[in-house]
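Asks: Residue numbers (the numbering used here), protein chains in the order written: chain X, 1267 to 2349; chain V, 18 to 499.
(1) For the putative contact between residue 1760(X) and residue 1322(X), defined by C-beta atoms under 8 Å, what is the C-beta separation to the nearest angstrom?
(2) So what does DSSP say about residue 1306(X), is it helix, strand or coil?
(3) Over the uninterrupted alpha helix (DSSP H) stretch that includes residue 174(V), give me the two end residues.
(4) Buried or exposed, going by whether 16 or more other CB atoms sit within 10 Å of the CB of residue 1705(X)?
(5) Closer than 9 Å, CB to CB, is residue 460(V) near chain X or not?
(6) Rounding to the nearest angstrom, what Cα-Cα distance links residue 2325(X) and residue 2025(X) in this structure?
(7) Which same chain residues, not among the five before or five after residue 1395(X), have their C-beta less than 7 Å away from its C-beta?
(8) Is residue 2243(X) closer than 9 Å to residue 2028(X) when the C-beta atoms are compared?
(9) Count Cβ pairs between the segment 1985-1993 of chain X and the segment 1601-1609 of chain X that sit closer than 8 Å; are there 3 or more?
(10) Tell me whether the segment 1779-1790 of chain X and the segment 1514-1529 of chain X touch, counting them as touching only if at least three CB pairs, one residue from each stretch, are closer than 8 Å.
(11) List, from N- to C-terminal side, the alpha helix (DSSP H) runs of 4 residues or more that fit wholly inside the segment 79-150 of chain V.
(12) Name, in chain order, the residues that DSSP records as bridge partners for residue 1673(X).
(13) Measuring only between beta-carbons, confirm whether residue 188(V) sits less than 9 Å from chain C.
(14) Of the choices 59(V), 171(V) and 489(V), whose alpha-carbon is the least far from that of residue 421(V)?
(15) If I measure Cβ to Cβ from residue 2113(X) and keep anything under 6 Å in the same chain, skipping five residues before and after, which residues do I get?
(16) Out of 2089(X), 1504(X), 2086(X) and 1930(X), state which residue places its alpha-carbon closest to the alpha-carbon of residue 1493(X).
(17) If you measure beta-carbon to beta-carbon, which residues of the segment 443-455 of chain V are closer than 8 Å to chain X?
(18) At a CB-CB cut-off below 9 Å, which residues of chain V make contact with residue 1461(X)?
(19) Check this for me: beta carbons of residue 1970(X) and residue 1926(X), under 9 Å apart or not?
(20) Measure the C-alpha to C-alpha separation of residue 1895(X) and residue 1818(X) and round it to an integer number of angstroms.
(21) What are the partner residues of residue 2(V), as DSSP defines its beta bridges?
(22) Contact check, residue 1627(X) vs residue 1609(X) under 8 Å by CB: the rounded distance?
(23) List, in chain order, every chain V residue whose beta-carbon is nearer than 9 Å to that of residue 1487(X).
(24) Spell out a yes or no on whether the segment 1952-1963 of chain X and the segment 1578-1597 of chain X are touching, meaning 3 or more CB-CB pairs, one atom from each, closer than 8 Å.
(25) Closer than 7 Å by C-beta to residue 230(V): which residues in its own chain qualify, once you throw out the five before and the five after it? Chain order, please.
(26) Give every residue of the same chain whose Cβ lies closer than 6 Å to the Cβ of residue 2352(X), excluding the five residues on either side of it in the sequence, and list them in chain order.
(27) So with CB distances below 7 Å, who are the chain X contacts of residue 35(V)?
(28) Figure out for me which residue from 433(V), 418(V) and 434(V) has the closest Cα to the Cα of residue 427(V).
(29) Drop a sphere of 10 angstroms on the beta-carbon of residue 1451(X), count the other beta-carbons inside from all chains shown, and report buried for 16 or more, exposed for fewer.
(30) Is the Cβ of residue 2253(X) closer than 9 Å to any Cβ of chain V?
(31) Leaving out the 5 sequence neighbours to the left and right, which residues in its chain are closer than 6 Å to residue 501(V) when beta-carbon positions are compared?
(32) Could you tell me if residue 1462(X) is buried or exposed, where buried requires 16 or more neighbouring beta carbons within 10 angstroms of its beta carbon?
(33) Just verifying my parser: in three-state terms, what is the DSSP assignment at residue 27(V)?
(34) Cβ closer than 9 Å: which chain V residues qualify as neighbours of residue 2168(X)?
(35) Would you say residue 1311(X) lies against chain V (beta-carbon separation less than 9 Å)?
(36) Name the chain X residues whose beta carbon is nearer than 7 Å to that of residue 199(V)?
Have a look at this one:
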């Protein structure tokens, strides 16, 4: 019998060791005629699902396995023979993972023995000729404990000693009763990967390729070999080769055996989960439609329930229902998003809020019987309180049953070139040049770019580095936790997947990512964080306290005309989604008047529709310049609501169904094929099918082509309608609040920072522009959060009192101490220091925030007084030194003569305000410079509205935001602010290149350019830019750093790349974010 | 720009004039800097080299005063008490210092004051690059300067700034007690130091004894012979001091100051520490011989110094009773002196020894290293598989008879002699070092150790792997086992 099975191969999920993707191993095994292949990564099963998927497509026998790296240095490959043994392997790895910190696994031989039943072990000999005593001992123990299942691996190393080594290993094998078995111990699927493997070694060892020495392999032999070659190399030991087939035959475990079982939810008093779900759904339906459930909805619910029953998903729905119920019970706002919003059942359960009576649902987008893929319910929670929900899940199901899904972080262009450059020992400026070129926005490196930074693109070393960086791109780098995806199982989860500790405290995660779970049919529920929900909840609370009105998401009055008026004015700073510059410029053109207009607004300002050139046709039709045309009545039915322009994924699917006769499932496959650019080949088969279908239904070929091109244009970025509708609900709610309760909304917004597009300065400014009064931070009035105070005059009922949270470097604990000590007002700084017991540093921070005005001290006087404590101790500290009873009669500090400190100018005050609280209520810096700037010819931003389009103008302002959206082909959009308002600047790439330094470096920017007005939107197209920052310095020597002016969305401080945006929105802020400039949220 | 790892990534440490003009400032993140000015080159900041360099500058300054010390990161202290007249007065001295530093390519600011603190502040913050503060004028001259001229901690300076106290004069105006209550004794002490009310210990000088001599020539010297005589005069007292302290030096730097404000260093590195004047002088003679051609005829020197570095304690030389041990020591001494002469005459790089290098490629595994480098000599740096001690200067092509694809040869023909192989081991496959050689990757080699019927052992290799369609691979003999 001939043939060979590769039992030990390391994929690139053995980070920085393996140099091939698991899929590549499978593919190569098939090509070489290897009978079976096992992927054994180091203490990890992270790569086996990918290998499994590939093996299924290619028809290769794949063995999931693991290379156990023990703490004593011994390495043993472990191949489970059946489901039970696989479960034990998972448990073994979980045990090791949970002992260690993230990405570490501490295992000893005893653990292996404890979970060893049903496994096949292959001990991996060390590289030298002799095996050390520990290895031999452990091999003996293994062989004695698991007779017939312990083997000794042997692999040709081509180091000149192979014959001798084989001989000595054979002797060891017979001495220990662990038969010899041929293995490849592969690091890559093909010898060509040696270069990359060497580079990985260098990255791992943090050395350069020239200095790596013997840490690199001497040859390229650790690749997969064809069976004949293995047979030849093992001449004289052929049984070691044939044994691989025996072992492979014994390992019959296949990942398909992993049957996902939903956790049981209590369904009493109903007969079963399905019955319980139906009861909840109908009860919900009755509550949602007090006037009777419309027939359309009733039919939809019935249809969905039948499908859920057929696919046995009832328990999953109950789980989500339970999580949502928990959140509601703790008054945590939540709302489903994504494809789940296509479900009427989800609506009735209160998971989602899109009313099926108002929006066309496409349930197939969510669940389909043909698509072998579980539903995916995403629920947003308030970002500050999501952790409570997560801990509830851990608590309810236990850590052995619930785990966070992993996200595989891969090398991207920039990180790849940086790492490869380091390994090549390229000098700091070359690496910096190569990656700095990408410092702003990630694009791939082209030859012209290389030359542009003064490097020779034909330098062989550089070419090699760039080529290897390209190869490295896409390699997994480490596992990170998913933004909120949970896998929950009925039985132990660690029986299915190893669980490990995440980097964050109290979080545990599994090794597989979303796609892996999809492939295996494991259900996950996404517990996501959304800042706007926090803001809305805080606003609700404030309204209840101040106005005595109780709202929840569902009880906001719909169709409110003043709210839509406000939206049409683009007066939407701070609200959800439609606050970005691009969105704001669209609002006056779209003029949303009803909820569905908002849905379109949310969906249309997206890279997909913009790149697919759908925005302008839609606008033309909307403005009545062009008449919508439909090829057929059937299409009119689909596209009428978007005036003939396909805007949503669902519409694309429906076109495929109606016009090209696709089945709903096939249409969904088309959507998925569009979303993944990798499967380029499949899109062609869809195209042929699509065009064919359209032709048969009587559409012209050119129209069909155009249709398909349009669908394709969408690809990844198009929004599903249901998702847009979910977001539009929050858009409306936030707009309603801003319109009717601007005080509470501004306050809630400030208290939810960091989130959204704008910094507190703009929120405050916007509030004041609307006539609101804002009161400064003060020790006698401010709590940690911003608050509302009764206001005597003005159009807005309450004044906004800034909270201590605005003060840079102040901590919530100190704010609490102040609140506790403030039973009666503070009359002096000394009394304040004494009663609160704050440390000097905190007092200093307050002084710099100018928070002692109510005790009659300005910031300088307060700082002078506080600084005194630095040397002699605070009053509270002095008290602590006094005997117990003397405390109340503590000696006052010795009196001092008054010292004449120079008076602060307004300019100094303003700039120090910015340095401390990132905004100033005293004045806008530009107002102080206006005289100078007026003489220089700079006009106020407000005056732009009165000037005619096409005029040359000059404006100056503080830089709020610089953005270069991927869809805008290198155009930079900047927003600057002066004392009168903001001005939007467009900088074309040519101009940007000339004024790069100014654009990126200036805090105060002067712009000379042409005024451009279109449909009520005003821009300045920059022709020349000036860095006016020195003028700021003229106001004071202590100038705040550039960051203090920036809004949340500025991309220089926080480069954004298209793919990361979604994730970013969901990420909860790290702990240190309190002191950093606010905000990772970006849309 | 110079960069070093800082908070959040590499940060700029220092920038040159062009970088500054491009808008870069120290403290910036490198990524920000390259975004703003991609054309500016970055180099890693090396604090140790910088300190060493500053120290050398301080040493050079000893031409003005024996009391010179580096003041990191960018200053040099000189105590010129009662010495200025030697240079034509204080003003002339300052101008001379500035001229010479500028001649060497440095930007230079200097100040003379009778208190340490005043000199520090004036040097760095005075409006003009050269300043002399007469005794009693300290307060007046310092008052308009920013408080940072007091060398206060940056955190305190920032607070003072926010209090509006921006000049030293403003500080003098504040009652001392209130200032002390807020900024501690340090600041007040510093203010006192300006007025020299409080003594500031001069810790400026090197703690270890410095073996240094200076000689000023009455007339500019141009001939090498004369310089050699001068060197002899400098060496003698240093050698005597070293001998007296029981020490020897491994490094001697003979510095010649020319009349143009330049200086030339002649360095000697010794194999063993020494204090023997005649040996050192003989080495200098060797070096001078080598330098002869490099001196321009119009060069004239007006001063010379000699500095002994890397001073080590010499174990007292004991005369052994056993003759062979004495002979051995004597032999080592002689060897060391011979090596010194070789290096002095031929240059450091010319005298080398073998060292191992971690490379899989046999001919690259052994390198010639400078005799005092710390290149590896231990066996751990060697390949695991036994290799011949000596390789042939270049592999010699041989004829073989071998079985395909990678079995050892049966018969080897080398230099027209046939050898029948009776024992063989291999192959050891060695792939080329793909990253070196500018794009030429070369081919893999399979090495074999074979033994012929007479017991001769050869180390040979086949270049290239056997492939059905490729040309017949060639075989080479690379080494012989003893």
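All residues carry an ideal CB built from backbone N, CA and C; glycine is no exception.
Replies: With the given structure in hand:
(1) Residue 1760(X) to residue 1322(X), Cβ: 25 Å. No contact.
(2) strand
(3) 171-179
(4) A caution first: residue 1705(X) carries a pLDDT of 41, below 50, which makes its placement in the model unreliable, though a value can still be read off. Buried, by the Cβ-count rule.
(5) no
(6) Because the pLDDT of residue 2325(X) is 34, which lies under 50, any placement of that residue in the model is unreliable, and the question is left without a value.
(7) 1427, 1430, 1431 and 1434
(8) yes
(9) yes
(10) yes
(11) 107-120 and 133-142
(12) 1746(X)
(13) You won't find chain C in this structure, because its protein chains are X and V.
(14) 489(V)
(15) 2125, 2128, 2129 and 2132
(16) 1504(X)
(17) 443, 444, 445, 446, 447, 448, 451, 452, 453 and 455
(18) 451 and 452
(19) yes
(20) 41 Å
(21) Residue 2(V) is absent from the structure shown; chain V starts at 18 and stops at 499.
(22) 7 Å
(23) 446 and 448
(24) no
(25) 251, 254, 255, 322 and 323
(26) Given that chain X is displayed from residue 1267 to residue 2349, the structure contains no residue 2352(X) and the question cannot be resolved.
(27) None at all; the shortest Cβ gap to chain X is about 13 Å.
(28) 418(V)
(29) buried
(30) no
(31) Residue 501(V) falls outside the range modelled here, since chain V spans only 18 to 499, and no answer is possible.
(32) buried
(33) strand
(34) 180, 181, 182, 183 and 187
(35) no
(36) 2133, 2134, 2136 and 2137
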